[in-house]
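**Q**
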Amino acid sequence: MSFLGVVFDGIAYGSLLFLISVGLSITLGLMNVVNLAHGAFAMFGGYCSVWLTTTWGLPFLWTLPCVCLAGAGVGALAERLLYQRLYRASHLDQVLLTIGLTFMAVAAATFFWGPTQQRVELPDFLRGQVSVLGLDLGAYRSFLIGVVVLISLGLRGLIERTRFGAQLRAAVDNQQVSAGLGIPVQRVFCLAFALGSALAALGGALGIELLGLEPSFALEYLVYFLLVVSVGGAGSVRGTAFAALALGLCDVAGKYYVPQIGAFIIYALMIVLLMLFPAGLQGRRA
Amino acid sequence: MRGVPKSVRDLSFWLLPVAGFFAFPDYLVLGSQMLIAGLFALSLDLCLGYAGIVSLGHASFFGVGAYTAGLLALHGWHEPLTGLCVASLAAALAGLATSFLVVDRQGLTRLMVTLGVGFLLHELANRASSITGGTDGLSSLELDPVLGLFRFELSGKVAYLYAGGVAFLAFVFVRRVVRSPFGLSLQGVRENAARMPALGVPVRRRLIAAYTLAAALAGVAGALNAQTTGFVGLETLGFERSASVLIMLVLGGAGRLQGAFLGSALFLVAQHLLSEQSPAFWQFWLGGLVVALSFFARGGLLGALDALLGSLRRRGLAPAGGAGAGP
């Protein structure tokens, strides 16, 4: 694999990490909830897609909007029933509740689908390689990067141009003053959580091809999502994007050039970055 | 209960493991697992329940202790008690080294640092397979008889008594520590870290000391695990162990020492019974239990018991004196 190939794979991996982690970043910055169940929401999206393709015979691409809707629904429900009670709770209570949810999700996935890896059938035009400027790039990875770029642009428009985005930014900055100004903070919370869950579920479905899908997904990749958010800075979309890309590049390059130390490099990098930037690269809160 | 000294009340629950030794001779292996897990949870209690540091990577120190004890036994040092001391020292050093990263940070960053250290050590042990055995771990460790008299045998009697004895001594020690001015200042830091400097308490140094001490005790638990099972695997450093010890402690009740042992005993019994049906079944109900705990029983089982007795007492239904829980 050429150097550019490694960079391309790193960007594809990083954009997937961004897609899944951005919801976690928003909810963490907004509600200050350490959501260890975020990986479970992503896993839910992956299994949703597998279920729709195998049981209902839907083509993979058509499952993606359904997965988004299902993720949003489950996210909104979880926010109303469970997370709402956590906003003022201690970190310990948040860790307990969300770890408990993750365990339940892992067990449920094992019960329904078994412990084996799941696969999805990709349409023909997403298989193999495409040639761009003399470079052979994976078709699926190119598609993935394209989707994430589109979603990021949409997300940026949503956050910077719409009324909801303004309310969201205000609530992240200062919840109490926002509530005092008549912003329906509760509703903003619920919508933001639903949005984050939808993106995580979409990421889980899109990631089956890259990351694989098995019940341990929820725990195995959780540390990557948390890492992206804590390095990028909770509540900052740009910081999350930057951290996700950097992490994706480092991970792919590290595994390709120095396979003998493996994931070691990522954890060491995270600790160093957290020492240098305790509030993240673009964090609003310490 | 009024006339009984508090020390006797606090220590009386140690009659249970003694009774267990005679009542369940077939389950001594599970019993020593309970005692070791209890000691491990006790070390987390010092860190979480008293100093207020939430850690998602406490298994790091359990693993360091286990691997140190395992490597010693593998390379010719077969004496268990000195092995225990060396393992504890190694874990304490690891704790001291990482405490500087942990105590200066707050909230999510602190959680992530503990988590990161855990993953880092796990990956290190995984990669350095020429030393640690990688995924195969260190197996068939040979150990001398405890105190030169009692040889580890298959029924697990010696292992049970050895683990129990060490856990008991550690409990007495930790109880002494948390009732000392040092322990009280830790609780002060937990309740309000901003005010403690005004009382002349060096907050940072106290937290470093507490974290290091907790690591040393976790190392003892890890070494006991290695010595009694004769095996050290990668899972001693795993995230699931960090998560389960947190759950054990919170289940029993954090910040009250006995809760660590009660929680781990119940956890392991439930695990033993439920995973006979299927591991997924156990994991599901464990998750449900933890969710319920975070909603309803904030002080764990001992906290719930205290609250129940308190409300009975207010109605004049129970004698004064309490459940004997909580130092």
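Sequence order for the protein chains is E and B.
Counting from 5, one number per residue, gives the positions in the first sequence under this note's numbering.
Counting from 85, one number per residue, gives the positions in the second sequence under this note's numbering.
Glycine is no exception: its CB is placed at the ideal position from the N, C-alpha and C atoms.
1. The region 194-218 of chain B: which residues have C-beta closer than 8 Å to a C-beta of chain D, in chain order?
2. Evaluate the contact criterion for the region 305-314 of chain B versus the region 142-150 of chain B: three or more CB pairs, one atom per stretch, below 8 Å.
3. Given a cut-off of 7 Å on the beta-carbon distance, is the pair E:LEU3 and E:GLY211 in contact?
4. What number of angstroms, rounded off, separates the C-alpha of E:THR31 from the C-alpha of B:VAL353?
5. Would you grab the beta carbon distance between E:ILE24 and E:ALA204 for me? Rounded to a whole angstrom, and I think it's under 8 Å.
6. Report the partner residues of B:PHE412 according to the DSSP bridge assignment.
7. Would you mind telling me which residues of chain E sit closer than 9 Å to B:VAL138, beta carbon to beta carbon, in chain order?
8. For E:LEU40, which residues from the same chain have a beta carbon less than 7 Å from its beta carbon, with the 5 sequence-adjacent residues on both sides left out?
9. Could you name each continuous beta strand (DSSP E) segment of 3 residues or more that falls completely within the region 80-146 of chain E, going from the start of the chain to the end?
10. How would you call E:THR166, buried or exposed, if buried means at least 16 neighbouring beta carbons within 10 angstroms?
11. Which residue spans inside the region 217-299 of chain B form an unbroken beta strand (DSSP E) run of at least 3?
12. Count Cβ pairs between the region 142-161 of chain E and the region 10-18 of chain E that sit closer than 8 Å; are there 3 or more?
13. Taking B:LEU222 as the reference, which of B:SER139, B:ARG279, B:VAL88 and B:LEU156 has the closest Cα?
14. Helix or strand or just coil, what does DSSP make of B:VAL88?
15. In three-state terms, what does DSSP make of E:VAL11?
16. Kindly say whether B:GLY160, judged by its beta-carbon, lies nearer than 7 Å to any beta-carbon of chain E.
17. Could you spell out where the alpha helix (DSSP H) holding B:PRO363 opens and where it closes?
18. Figure out for me which residue from B:PRO101, B:ARG289 and B:ARG93 has the closest Cα to the Cα of B:GLN117.
19. On the premise that B:LYS241 lies in contact with B:LEU112, defined as a C-beta separation below 8 Å, what is that separation, rounded to the nearest angstrom?
20. Counting only runs of 4+ residues fully inside the region 230-276 of chain E, write out the alpha helix (DSSP H) ranges in chain order.
21. Kindly say whether B:SER326, judged by its beta-carbon, lies nearer than 7 Å to any beta-carbon of chain E.
22. What is the DSSP secondary structure of B:VAL316, reduced to helix, strand or coil?
23. Let me see if you follow: with CB-CB separation under 7 Å, is B:LEU192 close to chain E or not?
24. By alpha-carbon positions, which one of B:PRO265, B:GLY284, B:GLY104 and B:LEU291 ends up nearest to B:ALA181?
25. How is the alpha helix (DSSP H) around E:GLU224 delimited, first residue to last?
26. Quick one: is E:GLY252 buried, meaning 16 or more other Cβ sit within 10 Å of its Cβ, or exposed?
27. Hey, would you say B:TYR244 sits closer than 7 Å to B:VAL230, going by beta carbons?
28. Check whether the Cβ atoms of B:VAL186 and B:VAL197 sit closer than 7 Å, and answer yes or no.
29. Checking contacts by CB at 7 Å: is B:GLY371 closer than that to chain E?
30. For chain E, check one thing: does any of its Cβ atoms lie closer than 7 Å to the Cβ of B:ALA277?
31. Could you tell me whether any Cβ in chain E is nearer than 7 Å to the Cβ of B:GLN367?
32. Is the beta carbon of E:GLY243 closer than 7 Å to that of E:LEU285?
33. Count the other C-beta atoms from every protein chain shown that fall within 10 angstroms of the C-beta of E:LEU277, then say buried if there are 16 or more, exposed otherwise.
34. For B:SER172, does the count of other Cβ atoms within 10 angstroms reach 16, so buried, or fall short, so exposed?
35. Counting only Cβ-Cβ distances shorter than 8 Å, please list the residues of the region 263-275 of chain E near chain B, keeping chain order.
36. Indicate whether B:LEU132 and B:ALA338 have their beta-carbon atoms separated by less than 7 Å.
**A** Based on what the coordinates show:
1. No chain D appears in this structure, whose protein chains are E and B.
2. Between the region 305-314 of chain B and the region 142-150 of chain B there are three or more inter-stretch CB-CB distances shorter than 8 Å, so the stretches are counted as touching.
3. Here chain E covers residues 5 to 290 and nothing more, so residue 3 of chain E does not appear.
4. Here residue 31 of chain E refers to the residue found at position 27 when the first sequence is read from its first residue. Here residue 353 of chain B refers to the residue found at position 269 when the second sequence is read from its first residue. Answer to the nearest angstrom: the Cα atoms are 37 Å apart.
5. Within the first sequence, numbered from 1, the residue matching residue 24 of chain E stands at position 20. Within the first sequence, numbered from 1, the residue matching residue 204 of chain E stands at position 200. E:ALA204 and E:ILE24 do touch by the CB rule: their CB atoms are close to 5 Å apart, below 8 Å.
6. Residue 412 of chain B cannot be examined here, being either before or after the span of chain B that is shown, 85 to 411.
7. Start at 1 with the first residue of the second sequence, and residue 138 of chain B comes out as number 54. Within 9 Å of the CB of B:VAL138, the CB atoms of chain E belong to SER94, HIS95, LEU96 and VAL99, in sequence order along the chain.
8. What you label residue 40 of chain E is simply residue 36 of the first sequence in a count that begins at 1. Correct list, in chain order: VAL99, THR102, ILE103, THR106 and LEU226.
9. Runs of the beta strand (DSSP E) lying entirely within the region 80-146 of chain E, each at least 3 residues long, are 133-136 and 139-142 in chain order.
10. As a working mapping, residue 166 of chain E is identified with position 162 in the first sequence. With fewer than 16 other beta carbons inside 10 angstroms of its own, E:THR166 counts as exposed.
11. Fully enclosed beta strand (DSSP E) runs of 3 or longer: not present.
12. Between the region 142-161 of chain E and the region 10-18 of chain E there are three or more inter-stretch CB-CB distances shorter than 8 Å, so the stretches are counted as touching.
13. In the second sequence, counting from the first residue as 1, residue 222 of chain B sits at position 138. In terms of Cα proximity to B:LEU222, the closest of B:SER139, B:ARG279, B:VAL88 and B:LEU156 is B:LEU156.
14. Walking along the second sequence from the start, residue 88 of chain B turns up at place 4. Three-state result, B:VAL88: coil.
15. Position 7 of the first sequence, counted from the first residue, corresponds to residue 11 of chain E. Helix.
16. As a first step, residue 160 of chain B is located in the second sequence; it is residue number 76 there, counting from the start. For B:GLY160, the answer is no, since every Cβ of chain E falls outside 7 Å of its Cβ.
17. Position 279 of the second sequence, counted from the first residue, corresponds to residue 363 of chain B. For B:PRO363, the enclosing alpha helix (DSSP H) starts and ends at 363-379.
18. On the second sequence, position 33 is the one that residue 117 of chain B refers to. Of B:PRO101, B:ARG289 and B:ARG93, the residue nearest in Cα terms is B:PRO101.
19. To locate residue 112 of chain B, count along the second sequence from 1; it is residue 28. To locate residue 241 of chain B, count along the second sequence from 1; it is residue 157. Here B:LEU112 really is in contact with B:LYS241; their C-beta atoms are around 6 Å apart, less than 8 Å.
20. For the region 230-276 of chain E, whole alpha helix (DSSP H) runs of length 4 or above, ordered along the chain, are 241-261.
21. Taking the second sequence and counting its residues from 1, one reaches residue 326 of chain B at position 242. For B:SER326, the answer is no, since every Cβ of chain E falls outside 7 Å of its Cβ.
22. Sequence index remark: in the second sequence, residue 316 of chain B carries index 232 (1-based). In the structure shown, B:VAL316 sits in a strand (DSSP, three-state: E or B).
23. Counting from 1 along the second sequence, the entry for residue 192 of chain B is found at position 108. Closer than 7 Å: yes.
24. Numbered from its first residue, the second sequence carries residue 181 of chain B at position 97. Relative to B:ALA181, the option among B:PRO265, B:GLY284, B:GLY104 and B:LEU291 whose CA is nearest is B:LEU291.
25. Taking the first sequence and counting its residues from 1, the one referred to as residue 224 of chain E is at position 220. Note, E:GLU224: alpha helix (DSSP H), 221-224.
26. What you label residue 252 of chain E is simply residue 248 of the first sequence in a count that begins at 1. Around the C-beta of E:GLY252, 16 or more other C-beta atoms lie within 10 Å, and the residue is accordingly described as buried.
27. For the purposes of this step, residue 244 of chain B is taken as the residue at position 160 of the second sequence. For the purposes of this step, residue 230 of chain B is taken as the residue at position 146 of the second sequence. No; because the gap between Cβ atoms is not below 7 Å, this pair is not in contact.
28. Taking the second sequence and counting its residues from 1, one reaches residue 186 of chain B at position 102. Taking the second sequence and counting its residues from 1, one reaches residue 197 of chain B at position 113. In contact: B:VAL186 and B:VAL197 (Cβ atoms closer than 7 Å).
29. In the second sequence, residue 371 of chain B corresponds to position 287, counting from 1. Yes - at least one Cβ of chain E is within 7 Å of the one on B:GLY371.
30. Residue 277 of chain B sits at position 193 when you count from the first residue of the second sequence. Under the 7 Å criterion on CB atoms, B:ALA277 is classed as non-interfacial with respect to chain E.
31. By 1-based counting over the second sequence, the position of residue 367 of chain B is 283. It does; some Cβ of chain E falls within 7 Å.
32. The residue labelled residue 285 of chain E in the question sits at position 281 within the first sequence. The residue labelled residue 243 of chain E in the question sits at position 239 within the first sequence. Yes, they are a contact pair.
33. To locate residue 277 of chain E, count along the first sequence from 1; it is residue 273. Buried, because 16 or more other Cβ atoms sit within 10 Å of the Cβ of E:LEU277.
34. Here residue 172 of chain B refers to the residue found at position 88 of the second sequence. It is buried - the Cβ of B:SER172 has at least 16 other Cβ atoms within 10 Å.
35. Per Cβ criterion, the list reads GLN264, ILE265, GLY266, ALA267, PHE268, TYR271, ALA272, MET274 and ILE275.
36. Along the second sequence, read from residue 1 onward, the residue named residue 132 of chain B stands at position 48. Along the second sequence, read from residue 1 onward, the residue named residue 338 of chain B stands at position 254. Less than 7 Å separates the beta-carbon of B:LEU132 from that of B:ALA338.
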